[in-house]
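Chains as they are written, first to last, in our numbering: chain A, 289 to 401; chain B, 461 to 714; chain C, 154 to 763. Step one of this worksheet: look at the structure below.
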């Protein structure tokens with residue numbers, strides 16, 4: 289069962305992709321992308337876990353074992369990147385609604401062929 | 461492609477990718493492994509050399525500060541991008557005056573307002589604390605910045621659109637946002653000038669655990685706090701504006 | 154200061170200026186903003202040029218923040234600049250300068266946001282080229298992505314740019330997340346993030362499922378950016394609608410950075426564990442597929458910018474094929490091809506920008522004969538088209554000839570034929586369009602509904618809503634610089650030799666690791682002498698120029714030919730139509746194709762290793 293966490297992350301990735309493939313609403317598509325991205329958090333934090341260890345913070349205590357701080361830093365970067373890019377995509381979705389009058393990918397037809 | 465073909469293509473791809481992932485995962489070290497060579501080095505450097513007791517901050521703002529520089533500018537670029545994408549267009553997006561007046565007149569329940577204003581103070585304080593202690597305890601500029609941005613938006617919950625519009629001169633935050641991002645790279649360039657290496661530490665290290673310790677880490681945290689808080693305020697202001705002012709109009713197409 | 158310490162400034166200076174412009178740009182006159190942005194990009198050009206000059210024999214290494222390795226281990230991020238990455242940075246920065254100069258008469262730009270986005274884009278691209286850390290590559294990848302999505306959607310008053318920016322953004326982000334999963338997997342195995350360090354840990358181990366999956370996933374993000382089939386769909390959408398000067402950057406360097414990332418990561422991190430033959434085969438297949446898809450789709454377009462976009466896809470296929478030989482000739486040839494192509498393709502995009510400003514359209518059918526009096530554009534367009542075909546002495550000729558040599562030397566004797574066919578098809582299409590637009594030669598096509606990706610009239614991109622009467626001096630300067638650049642790459646003496654040696658340095662992963670981790674002096678590589686002016690090279694180039702003229706005439710007068718052989722023509726058009734319909738502009742389709750592509754790549758790399 290040691291790969292259960294990672295399989296869960298894989299599932300998030302694929303179900304997010306399923307969401308994007310079947311989406312009828314751009315905002316739903318963007319949120320599905322966020323679901324895909326959640327898989328990266330799980331994978332990174334899972335990889336950095338050390339059994340019996342605590343947070344890598346040495347202010348009041350001196351823990352003997354700490355989890356990997358590097359993946360946590362990577363994860364923070366990952367979160368910021370996603371949050372900001374999502375804002376950009378939602379702005380695009382908003383404008384799309386104004387110009388196309390719809391946000392259903394099936395009805396956006398400006399780019400055929 | 462029709463929906464059915466699309467799903468078919470997806471199913472084939474997803475099955476194969478899923479299989480690949482499971483095969484890959486079986487090759488991972490066992491969950492909770494004690495072997496973290498990079499992590500151990502980072503802890504050693506942070507606690508013994510950098511005197512930054514929050515190791516994650518040390519990695520983010522010192523050891524791998526270049527990543528964070530890039531990340532800062534992703535945030536900065538996304539905000540500028542959002543401003544570009546939601547800019548007001550001369551001919552079409554003329555403001556809907558009555559909608560705007562309605563929004564400005566709208567108020568929540570007095571009890572909601574009371575709770576919001578109380579929470580406003582608490583949230584601001586927490587935000588400032590989290591930013592200022594980024595090098596000591598969990599948190600930092602990113603986390604604290606988001607908390608600070610939340611605080612301002614409690615005004616919207618409590619006092620409606622009118623209140624937040626008064627408390628939030630958006631151009632000021634646009635400039636603060638740019639200064640936060642710019643400050644990060646300027647401090648990095650100070651490293652180049654003084655030591656030759658971009659983003660090298662140029663401030664005194666202090667003692668482990670002190671409020672003034674960790675060298676550049678603390679100042680970078682403050683700059684990031686300014687930038688993140690301003691970024692969220694600016695972006696949300698554009699979305700709120702679209703909702704409150706332009707929102708009710710019919711979609712237009714050219 | 155050492156050259157290494159200057160390397161990060163290529164990234165930092167444009168970013169600092171971008172932030173300053175965002176802060177105070179609103180109070181500056183337009184001219185000052187333009188000048189500041191051009192100056193910042195020019196500073197990066199100067200620094201990159203210095204790096205190119207300095208890295209001939211050894212690499213410039215910089216541990217950012219001064220985190221030098223202790224016993225070969227560090228906690229920091231390293232920039233490792235060899236001559237190839239420095240040259241790429243030089244190409245990136247130079248094209249940005251050209252794009253900015255061209256943009257001086259472009260857009261009503263309030264608050265200098267356009268300049269800010271372009272400078273951030275520059276920072277991302279240069280950082281991606283110079284860094285020697287896998288996660289840092291991801292960060293700069295995202296930075297260039299973010300700027301690129303916003304620039305794609307810049308013309309928010311039109312329908313198509315919004316949809317294209319979304320398609321571009323979502324597909325690229327998904328690719329980036331797959332890359333991040335790959336980075337996570339490889340970090341779990343090796344405990345390292347630096348390319349050289351990962352390579353050191355993997356060296357000599359068995360390539361198991363995890364390594365293959367990590368390699369494939371990391372590559373996916375870069376290949377999406379490179380717009381390699383079947384990850385290419387977003388590119389045609391984005392390039393067709395982005396502002397023309399931005400397209401110069403997209404086509405000229407952004408997609409190329411994807412290809413660069415693939416080979417950089419393989420050579421430094423995975424070469425010790427995945428056999429070269431295996432990777433060569435996989436990337437060759439991908440390259441061939443991309444070249445064919447791009448060439449065929451290019452032929453079917455009438456929207457000029459979309460046509461150029463597919464031509465870029467076709468050429469990316471050729472670059473990938475050439476570089477996948479993993480030989481000095483192949484990689485060096487790809488580098489020369491990239492430089493020559495950037496000039497030629499950039500010229501064509503800028504011409505499109507001028508056409509759009511003067512006529513309000515970039516569709517060859519709409520524009521039939523409307524460019525008769527634009528003599529400068531006509532001349533430049535036809536010359537750039539011929540350069541695209543690989544006509545000597547343009548840079549594309551050097552690259553094509555070296556690439557064909559490299560492929561033939563590895564026993565792929567069919568490959569030169571494919572090079573000729575693809576460059577003839579894409580260049581022929583461009584020439585056909587030029588004949589229609591500037592000379593009014595070719596069939597007059599009548600159609601009921603306006604075809605092409607945009608059924609609407611496009612907004613001219615220039616300042617003010619008035620249409621341009623003549624080509625402004627800044628635009629003419631930018632166009633001339635690009636054509637001249639493409640020509641200069643071709644005639645610069647000793648350039649093929651220099652690039653082949655740079656490529657040999659690029660391919661020496663062991664030396665890369667030694668220099669990065671222990672600042673050891675560089676291994677002395679035997680200097681090779683390479684010439685692109687071989688008999689076969691020149692003959693094949695002349696052949697592709699002749700064939701491109703043939704393609705231009707045949708497709709320009711297609712409907713007349715079609716009347717003679719109705720039956721077979723219907724079959725062809727039906728097939729082409731079906732193929733074209735795959736490029737649906739539908740985000741769901743693109744995601745499905747992306748997953749299928751990952752699966753295919755994994756099979757290509759993984760199955761032969763079992």
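In this text, a Cβ means the ideal position worked out from N, Cα and C, and glycines have one as well. Computed from a predicted model, the values in this text were never measured in an experiment.
- Across the set C:391, C:428 and C:580, the C-alpha of C:391 shows the shortest separation from the C-alpha of residue 325 of chain C.
- Judged by their CB atoms, residue 205 of chain C and residue 156 of chain C are not nearer to each other than the 8 angstroms cut-off.
- Residue 307 of chain A has no beta-bridge partner at all, per DSSP.
- Flagged as an interface residue toward chain A: residue 302 of chain C, by a C-beta distance shorter than 8 angstroms.
- Around the beta-carbon of residue 342 of chain C, 16 or more other beta-carbon atoms lie within 10 Å, marking it buried.
- Interface residue (Cβ-Cβ distance to chain A less than 8 angstroms): residue 491 of chain B is classified as such.
- Scanning the segment 164-236 of chain C from its first residue to its last, the whole alpha helix (DSSP H) runs of 4-plus residues come out as 183-207.
- Taking 8 angstroms as the upper bound on Cβ-Cβ separation, chain B lies near no residue of the segment 416-445 of chain C.
- Taking CB atoms only, residue 338 of chain A has no neighbour in chain C less than 8 angstroms away.
- Here residue 522 of chain B is buried: its Cβ has 16 or more other Cβ atoms, across all protein chains shown, within 10 Å.
- For the 8 angstroms CB-CB criterion, residue 379 of chain A and residue 545 of chain B form a contact.
- When only Cα atoms are considered, residue 646 of chain B and residue 565 of chain C end up about 52 angstroms apart.
- Interface annotation, residue 598 of chain B: in contact with chain A, CB-CB separation under 8 angstroms.
- With respect to the 8 angstroms criterion, residue 164 of chain C and residue 276 of chain C are classified as neighbours on the basis of their beta carbons.
- The segment 455-462 of chain C makes contact with the segment 516-526 of chain C; the number of CB pairs closer than 8 angstroms reaches 3 or more.
- Counting along the chain, residue 551 of chain C sits inside the alpha helix (DSSP H) bounded by residues 548-562.
- Contact between the segment 496-513 of chain C and the segment 536-548 of chain C is present, with at least three C-beta pairs closer than 8 angstroms.
- Excluding residues up to 5 positions away in sequence, 608 and 611 lie with their Cβ nearer than 7 angstroms to the Cβ of residue 584 of chain B in the same chain.
- Following the DSSP letters along the chain, one finds residue 635 of chain C inside the alpha helix (DSSP H) bounded by residues 626-644.
- Scanning the segment 366-411 of chain C for uninterrupted alpha helix (DSSP H) segments of 4 residues or longer gives 386-394 and 397-402, listed from N- to C-terminal end.
- About 18 angstroms separates the Cβ atoms of residue 283 of chain C and residue 171 of chain C, ruling out a contact at the 8 angstroms cut-off.
- Residue environment for residue 654 of chain C: buried (at least 16 other C-beta atoms within 10 angstroms of its C-beta).
- Around residue 330 of chain C, the beta-carbon contacts reaching into chain A at under 7 angstroms are 324, 325 and 328.
- Chain C places no beta carbon closer than 8 angstroms to that of residue 290 of chain A, leaving this residue out of the contacts.
- A distance below 8 angstroms between beta-carbons, with the five flanking residues on each side excluded, links residue 518 of chain B to the following residues of its chain, in chain order: 502, 505, 506, 510, 512, 595, 674 and 677.
- The segment 246-260 of chain C and the segment 626-644 of chain C touch, with no fewer than 3 CB-CB distances between them shorter than 8 angstroms.
- By alpha-carbon distance to residue 357 of chain A, the top candidate from A:350, A:366, A:339 and A:333 is A:333.
- Chain B places no beta carbon closer than 8 angstroms to that of residue 278 of chain C, leaving this residue out of the contacts.
- DSSP, read as helix, strand or coil, puts residue 684 of chain B in helix.
- For residue 528 of chain B, the three-state secondary structure derived from DSSP is helix.
- Only those residues of the segment 340-362 of chain A whose C-beta falls short of 7 angstroms from the nearest C-beta of chain B are listed: 343, 344, 345, 346, 347, 354, 356, 357, 358, 360 and 361.
- Neighbours of residue 531 of chain B in chain A, taken as residues at a C-beta separation under 7 angstroms, are given in chain order as 365, 368 and 369.
- A straight line joining the alpha-carbon of residue 750 of chain C with that of residue 761 of chain C spans about 17 angstroms.
- The beta carbon of residue 501 of chain B falls within 8 angstroms of a beta carbon belonging to chain C, placing the residue at that interface.
- Closer than 9 angstroms at the C-beta level to chain B, one finds these residues of the segment 363-375 of chain C: 363, 364, 365, 366, 367, 369 and 370.
- For residue 746 of chain C, the uninterrupted alpha helix (DSSP H) segment begins and ends at 740-759.
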